[in-house]
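Visitor: Below is a structure I'd like to ask you about.
Numbering (this note's numbering), first residue to last: 1315 to 1610.
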């Protein structure tokens, strides 16, 4: 299948067993007809632009009562979209892109989410969806002219802009799946190249997630093999100050999508399906620490 078709969610699929008299096929047909392609942006930001287009196509299929259903974190679908807009707006502010919606007060994700959710509750779901998409597109257009290595601080974490936008891509992907599960719609995964970039970010974050969990990986190395489309192999130095990985102390083999979602806070680390070898206690510590950076 052509990757662009996947990107624009033409491959959005229904569950094999569609209940009799279901309106889902008509809704999906309407979503495809109303879909908007991903906004033009830098090549390194395309995974984010693609997930925004996917979420927007999914939202086009939402019925009126879907918007008031609780999806995750106690949030309705409308509040979830406001949360995505809040974090996209904070990143936009950090890189000098236009910030839409009410002026930013407290510049942390939790406070901005609270403010924007309160603002959007007084508006229609379609207004919320429209302004979230406009914010995402404004960010994409700005990134087209931004060097990927630009130092960028969000929620107190300073990394390069390309890593922050990959984190936004992963969160948008995960929340799109959250919403799709509510609607009983099965979505295709992102294209392999986009999955690989997000998996690379997740592998590189392991030293930080360990540190935030109170674990010191200094001098230790993990060999991570992620299987499936977009997977690969990484040798990761587990100390936050380590510069070069050594010989692996342990090996972790897992499905690439499941691994990305574990870092994104989905799944039980204690039940995570992975093949472990070498220092098994350390391997288990890595998996338990993996969601440390995930938030609402």
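Positions of the beta carbon are idealized from the N, C-alpha and C atoms, including for glycine.
If you compare alpha carbons, which of 1409, 1404 and 1412 is closest to residue 1419?
Guide: 1404
Visitor: DSSP three-state call for residue 1468: helix, strand or coil?
Guide: strand
Visitor: Pop quiz: residue 1570 and residue 1540 are said to be a contact at Cβ under 8 Å. What is the actual Cβ separation, rounded to whole angstroms?
Guide: 4 Å
Visitor: To the nearest angstrom, how far is it from the Cα of residue 1479 to the Cα of residue 1425?
Guide: Roughly 20 Å between the two C-alpha positions.
Visitor: Considering only C-alpha positions, which residue in the set 1586, 1485 and 1506 is nearest to residue 1607?
Guide: 1485
Visitor: Considering Cα atoms alone, identify which of 1363, 1494, 1388 and 1452 is closest to residue 1372.
Guide: 1494
Visitor: Helix, strand or coil for residue 1403 per DSSP?
Guide: helix
Visitor: What's the C-alpha gap between residue 1382 and residue 1390?
Guide: 5 Å
Visitor: Taking residue 1593 as the reference, which of 1564, 1358, 1584 and 1460 has the closest Cα?
Guide: 1564
Visitor: Nearest to residue 1516 by CA position, among 1384, 1605 and 1462, is which residue?
Guide: 1605
Visitor: Taking just the CA atoms, how far does residue 1433 sit from residue 1422?
Guide: 17 Å
Visitor: Taking the C-alpha atoms as reference points, what is the distance between residue 1652 and residue 1358?
Guide: It is not possible to answer for residue 1652, since the shown part of the chain is limited to 1315 through 1610.
Visitor: My assumption, with CB atoms under 8 Å, is that residue 1523 sits in contact with residue 1603. Please give the rounded CB distance.
Guide: 5 Å
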